[in-house]
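Contents: one structure, followed by commentary.
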Amino acid sequence: MSHRSGRHFLQIPGPTNVPDRVLRAIDHPTIDHRGPDFAELTRQILPGLRKVFKTAGPVVIYPASGTGAWEAALVNTLSPGDRVLMFETGHFAALWHEMAKRLGLEPEFISGDWRTGADPEAIGQRLREDTEGSVKAVCVVHNETSTGVTSRIGEIRKAIDNAGHPALLMVDTISSLASIDYRHDDWGVDVTVAGSQKGLMLPPGLSFNAISQKALKAAEGARLPRSYWDWRPILAANENGFFGYTPATNLLYGLREALAMLLEEGLDNVFARHQLHAAATRAAVEAWGLEVLASNPREYSGSLTAVVMPEGHDADAFRKTVLDRFDMSLGAGLGKLKGRVFRIGHLGDFNDLMLAGTLSGVEMGLSLAGVPHRKGGVQAAFDVLTGAGGSAAATA
Ligand code: PLP
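Be aware that the sequence shown starts at 4, since it is given in my numbering, and climbs by one per residue.
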């Protein structure tokens, strides 16, 4: 491949652009993971990590992608044949559901239309019917990366409480943590699953479980086989700043820096920045005369926007045009959305002018690929960014 000048635009909804500060932090000699400097590194990371998850409880770090943390959440808390309630928000919810089946659980999948989030009402209803308490866990994807839809976790918590049901609540925040408001403790979440490569602005390779006291107690009686994923030896080793295996030392240097950056900016400012970029993106889509896949404005994602292609046009052909001509990667449609949507990632280390560049590439790409649209999407986004945008800005 020949050299292309300027920066590649990595506008998939993760992995996201890794900031230079994080890249430089990673670029350090690898140290002895059983030595005092490493223990100090762990001690610096864990408190900041708890702040980002908004929990006073433990957070386990795995050298694994998000899929590993999904598995860890299930095998640490559940037993063979346990019923779990899952909600079909999209491709990632479907993959987590498949995993639960393969692990020997009995997941019940409440079907969804891939345009809306998990329905608190439907979850509450199902739990009220479960009078003998056979459902052991409710598992929800907070931000469905395949659709750009965010589920209302606080309302799901209330629905579980109103049903008086003891099920654990497990939430996948792989594309929401450090991008969209999330509160592990306030929302009574038992296991939060997260990954490094999106809002945390790191390369892929780390994943996390934030764990409630109730989940720790469930881990004592859980009987699914677990070894590498077992929380207990990791938490015990963490007490002294260590891990029971060789940790991903250099990614942890990066994590320390990324946490410092997020806390310097302030989490509320990070969330507001993403909401503004999401609103500006939706204004552009509307002005182009295209459709946002998410159908409920209360569930619009702050981290990505999935755009529906007009009938008869292939989203992957459009994405190829944009990549070839402008060196920008946009997210593909996943699962049953393949070719039907493209996804614009606006999460992670991202600012107004990066969004302006991204949307310019999309608008020019629509013209070059012959996709029917109106001009003016980029201008509509500018109006939101500068506060001249009326209704779209109001939904930010
Ligand atoms: N869950 C969600 C919401 C995701 O977006 C992803 C990946 O993009 C995953 C799970 C799977 O994580 P990984 O690909 O890091 O294993």
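Idealized CB from N, CA, C, for every residue including glycine.
### For residue 236, three-class secondary structure by DSSP
The sequence position of residue 236 within the sequence shown is 233, counting from 1. Of the three classes helix, strand and coil, the one that applies to residue 236 here is helix, per DSSP.
#### Entry: Per-residue DSSP class, three states only, for residue 308
As a first step, residue 308 must be located in the sequence shown, where it is residue number 305. Note: residue 308 maps to strand in three-state DSSP.
### Task
Check the DSSP bridge columns for residue 1 and list the partner residues they point to.
Because the chain spans 4 through 399 in this model, residue 1 falls outside it and cannot be assessed.
### Query
Going by C-alpha distance, which of 390, 147 and 173 is nearest residue 183?
Mapped onto the sequence shown, residue 183 falls at position 180. Closest option to residue 183, Cα to Cα, is 147.
### Query
By how many angstroms is the C-alpha of residue 355 removed from the C-alpha of residue 388?
Start at 1 with the first residue of the sequence shown, and residue 388 comes out as number 385. Start at 1 with the first residue of the sequence shown, and residue 355 comes out as number 352. For residue 388 and residue 355, the distance between alpha carbons rounds to 7 Å.
### Message
For the ligand PLP, I want to know if residue 177 counts as a neighbour, meaning its beta carbon is within less than 6 Å of at least one of the ligand's heavy atoms.
### Response
The residue given as residue 177 occupies position 174 in the sequence shown. Correct: residue 177 has its Cβ closer than 6 Å to the ligand PLP.
### Query
Any idea if residue 372 is buried or exposed, counting beta-carbon neighbours within 10 angstroms, 16 or more meaning buried?
For the purposes of this step, residue 372 is identified with residue 369 of the sequence shown, where counting begins at 1. So residue 372 counts as buried.
### Query
Which whole-angstrom value is the C-beta distance of residue 286 and residue 383, which I expect to be below 8 Å?
Taking the first residue of the sequence shown as position 1, residue 286 is located at position 283. Taking the first residue of the sequence shown as position 1, residue 383 is located at position 380. With a Cβ gap of about 4 Å, residue 286 and residue 383 count as contacting.
### Task
Can you give me the Cβ contacts of residue 125 inside the same chain, cut-off strictly under 6 Å, excluding the 5 residues immediately before and after it?
The residue labelled residue 125 in the question sits at position 122 within the sequence shown. 113.
### Task
Please list, in chain order, all residues of the same chain as residue 298 whose beta carbon is under 7 Å from its beta carbon, the five residues on each side excluded.
Along the sequence shown, read from residue 1 onward, the residue named residue 298 stands at position 295. For residue 298, where only same-chain residues beyond five positions count, the Cβ hits under 7 Å are 118 and 119.
### Message
Quick check: residue 292 and residue 325, are their CB atoms within less than 7 Å of each other?
### Response
In the sequence shown, residue 292 corresponds to position 289, counting from 1. In the sequence shown, residue 325 corresponds to position 322, counting from 1. No. Outside cutoff.
### Which of helix, strand or coil DSSP assigns to residue 398
Mapped onto the sequence shown, residue 398 falls at position 395. Any reading at residue 398 needs caution, since the residue's pLDDT is 46, under 50, leaving its predicted position unreliable; the model's value is listed next. Residue state, collapsed to three classes: coil.
### Query
Is residue 273 near the ligand PLP, with its Cβ less than 6 Å from a heavy atom?
On the sequence shown, residue 273 is found 270 positions in, with the first residue counted as 1. Every heavy atom of the ligand PLP is 6 Å or more from the Cβ of residue 273, so no.
### Query
By Cβ distance, which residues of its chain are closer than 7 Å to residue 225, with the 5 residues on each side in sequence left out?
Sequence index remark: in the sequence shown, residue 225 carries index 222 (1-based). 79, 80, 81 and 82.
### Task
Classify residue 250 as buried or exposed, calling it buried when 16 or more other Cβ atoms lie within 10 Å of its own Cβ.
Sequence index remark: in the sequence shown, residue 250 carries index 247 (1-based). Flag for residue 250 reads buried.
#### Entry: Nearest residue (CA-CA) to residue 212, options 58, 158 and 92
Working through the sequence shown from its first residue, we reach residue 212 at position 209. When each option's Cα is compared against that of residue 212, the closest is 58.
### Task
Compare the Cα-Cα distances from residue 349 to each of 50, 279 and 341 and report the closest residue.
Position 346 of the sequence shown, counted from the first residue, corresponds to residue 349. Of the candidates 50, 279 and 341, the one whose C-alpha sits nearest the C-alpha of residue 349 is 279.
### Message
Cutting at 7 Å between CB atoms, please list the residues of its own chain near residue 266, excluding the five before and the five after it.
### Response
On the sequence shown, position 263 is the one that residue 266 refers to. Same-chain partners within the cutoff: 51 and 54.
### Query
Sorted by chain position, which residues of the same chain lie with C-beta nearer than 8 Å to residue 99's C-beta, five sequence neighbours on each side aside?
By 1-based counting over the sequence shown, the position of residue 99 is 96. Same-chain partners within the cutoff: 73, 89, 142, 144 and 175.
### Query
Is the closest heavy atom of the ligand PLP to the C-beta of residue 144 under 6 Å?
The sequence position of residue 144 within the sequence shown is 141, counting from 1. Within the cutoff, so yes.
### Cβ-heavy atom distance, residue 199 to the ligand PLP, below 6 Å
Position 196 of the sequence shown holds residue 199. Residue 199 Cβ: outside cutoff for every heavy atom of the ligand PLP.
### Message
Using the Cβ count rule (16 or more neighbours within 10 Å means buried), how would you classify residue 283?
### Response
As a first step, residue 283 is located in the sequence shown; it is residue number 280 there, counting from the start. With 16 or more Cβ atoms within 10 Å of its Cβ, residue 283 is classed as buried.
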